[in-house]
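Note sheet for the following structure.
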Ligand SMILES: [Zn+2]
């Protein structure tokens, strides 16, 4: 039996107006982490969160790093015996360019047809805001929280978090938690809340092929000397079999085939290949045989060629036999795979298939571990129950083909399972022009979090 919440607390009309104004104020701060001219704005956004937390009754500070500051908020009055929840999020946003593709300016939030448009509305300022306000309401209404709460908001997520992990590792004891709660993703659909069940990992490489000392005349040497572009193409063509599987020896070792029940659960989700093809602008889908589109995206590892460079690519014809060729190759990984293990398999494969007479190098660019939820425990159950109560339908467990390496790292360092409860909607234009967040999800998101705490 699932415990029921105390009944979702409603947001009053005056709170609703105030929340909207406060969120707008937060979204107006152009906290673009990638660009140094916004350094001052980054501090301002961090300070805005610190003040908001302090007003809510939290102890909070802005902690300097060698990059952008971190926000650390703490409320520990539930006592030493009570569990601790760590909320993670990020206040930095992606650059807003190209500005001309925005219907309204990215840092002047407006609401049109029920959507709040602004850079960061969905990723992740709008979603952090829900947590800040839920905590504020709980402390105001009842004066206490059922668990100790640590709020950790970084300003470098969009530039791959260079200073977060060193901080977390150095502050392991202070940050000790029983669970990590993250709202930085989307629900499955407008009428279907979801909890994330898995994220794929990544292993990214640059493959370099060298033939002759320099580019050669294709008439004088062609047919007798290895051509770097041809040899690269030959190597790349060996990466997949005709069945769409990755044809590297050992690549699928240990990869677990999902059981019939979980495959059926994915197949029963309302999802149309036709709509997906429309969205992607293709007339046919392609992938590993024997799996549906969502299974391919959520549960199967892949190999993608991200870019190829070689020879003459300018205007007109130049008869040349290229001496160099390069490709960027990445793999999306499932939880039984490790980036380092994939790196050595890929290297062995390339060595085995490369033609004699050419030199081949594989450079490691970056890797991130995959993640799978521990879909159980009081925090997960509270999240599930709260979503069902507020949205009126049981949340579905979904995967995400993308990679958020920090989730795995936080779990590893803190030894606490992560619960990923996103409130944005598909098509929210995260990282793109006209990013938006559903206006109604301010109230629903806060109500869900109130119910979540009520269930703890
Ligand atoms: Zn994000």
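Residue numbers (our numbering): 421 to 876.
All C-beta atoms in this analysis are idealised placements derived from N, C-alpha and C, irrespective of residue type, glycine included.
Roughly how many angstroms separate the alpha carbons of residue i and residue j, rounded to a whole number?
i	j	result
residue 678	residue 719	8 Å
residue 454	residue 784	23 Å
residue 501	residue 599	15 Å
residue 729	residue 559	58 Å
residue 424	residue 869	Unreliable placement is indicated for residue 424, whose pLDDT of 45 sits below 50; no coordinate value is reported for it.
residue 577	residue 590	18 Å
residue 457	residue 487	13 Å
residue 815	residue 699	24 Å
residue 786	residue 623	6 Å
residue 875	residue 867	12 Å
residue 525	residue 508	28 Å
residue 365	residue 726	Residue 365 lies beyond the residue range present for the chain, which begins at 421 and ends at 876; the question has no answer from this structure.
residue 587	residue 654	45 Å
residue 848	residue 857	7 Å
residue 830	residue 837	9 Å
residue 429	residue 760	48 Å
residue 781	residue 612	46 Å
residue 755	residue 709	20 Å
residue 757	residue 695	31 Å
residue 520	residue 579	23 Å
residue 748	residue 627	6 Å
residue 625	residue 771	15 Å
residue 737	residue 769	34 Å
residue 688	residue 431	34 Å
residue 468	residue 681	46 Å
residue 642	residue 632	11 Å
residue 570	residue 871	18 Å
residue 498	residue 531	38 Å
residue 581	residue 826	8 Å
residue 852	residue 518	8 Å
residue 764	residue 621	16 Å
residue 538	residue 697	28 Å
residue 426	residue 547	For residue 426, the predicted structure reports a pLDDT of 48, less than 50, and the residue's modelled location is therefore unreliable. A value from the coordinates is still provided. Rounded to the nearest angstrom, the two C-alpha atoms are 23 Å apart.
residue 662	residue 636	34 Å
Keeping to the same chain, check which residues put their C-beta closer than 8 Å to that of residue i; ignore five residues upstream and five downstream.
i	result
residue 433	none
residue 639	739
residue 436	862 and 863
residue 707	664, 713, 716, 720 and 722
residue 461	449, 450, 451 and 452
residue 724	749, 750, 751 and 752
On the DSSP bridge assignment, give the partners of residue i in chain order.
i	result
residue 568	504
residue 748	626 and 727
residue 495	569
residue 835	Answer is none; residue 835 lacks a bridge partner.
residue 536	531 and 857
residue 479	494
residue 612	609
residue 602	508 and 840
Tell me, to the nearest whole angstrom, how far the beta carbon of residue i is from that of residue j; I am working on the premise that it is less than 8 Å.
i	j	result
residue 619	residue 824	5 Å
residue 574	residue 584	5 Å
residue 795	residue 617	6 Å
residue 450	residue 549	The Cβ separation is near 16 Å, so there is no contact.
residue 691	residue 713	7 Å
residue 452	residue 513	6 Å
residue 601	residue 751	About 29 Å; that fails the 8 Å criterion.
residue 540	residue 860	Contact doesn't hold; Cβ gap of about 19 Å is too wide.
residue 753	residue 595	That belief does not hold up - the Cβ atoms of residue 753 and residue 595 are roughly 27 Å apart, past 8 Å.
residue 684	residue 778	Not a contact, Cβ separation roughly 48 Å.
residue 572	residue 506	6 Å
residue 489	residue 463	6 Å
Could you name the residues of the same chain whose beta carbon sits closer than 6 Å to that of residue i, not counting the 5 residues immediately before and after it, in chain order?
i	result
residue 480	470, 473, 474 and 493
residue 828	789 and 791
residue 614	607, 608, 815, 816 and 818
residue 476	555, 556 and 559
residue 503	567 and 598
residue 422	Residue confidence for residue 422 is low, a pLDDT of 41 falling below 50, so the modelled location carries little weight; the figure read from the coordinates is stated next. The answer, listed in chain order, is 805.
residue 634	743
residue 542	844, 848, 850, 855 and 857
residue 808	814
residue 544	509, 510 and 604
residue 523	854
Within the present structure, is the beta-carbon of residue i separated from the nearest heavy atom of ligand 2 by less than 6 Å?
i	result
residue 543	By its list of ligands, the structure shown excludes ligand 2, since it contains just ligand 1.
Under 7 Å Cβ to Cβ from residue i, same chain only, skipping five residues before and after it: list those, please.
i	result
residue 444	529
residue 732	738 and 740
residue 711	720
residue 810	428, 864, 867, 868 and 871
Notebook entry, point to check: Does the region 838-851 come close enough to the region 603-617 to have 3 or more Cβ pairs within less than 8 Å?
Noted result: yes
Item checked: the region 540-555 / the region 438-445 touching (three or more Cβ pairs under 8 Å) -> Here the region 540-555 lies against the region 438-445, with 3 or more beta-carbon pairs under 8 Å apart.
Notebook entry, point to check: Counting pairs of beta carbons, one from the region 703-711 and one from the region 800-810, are three or more of them closer than 8 Å?
Noted result: no
Note to self: So, does the region 644-653 touch the region 662-676, judging by three or more C-beta pairs under 8 Å?
What the structure shows: no
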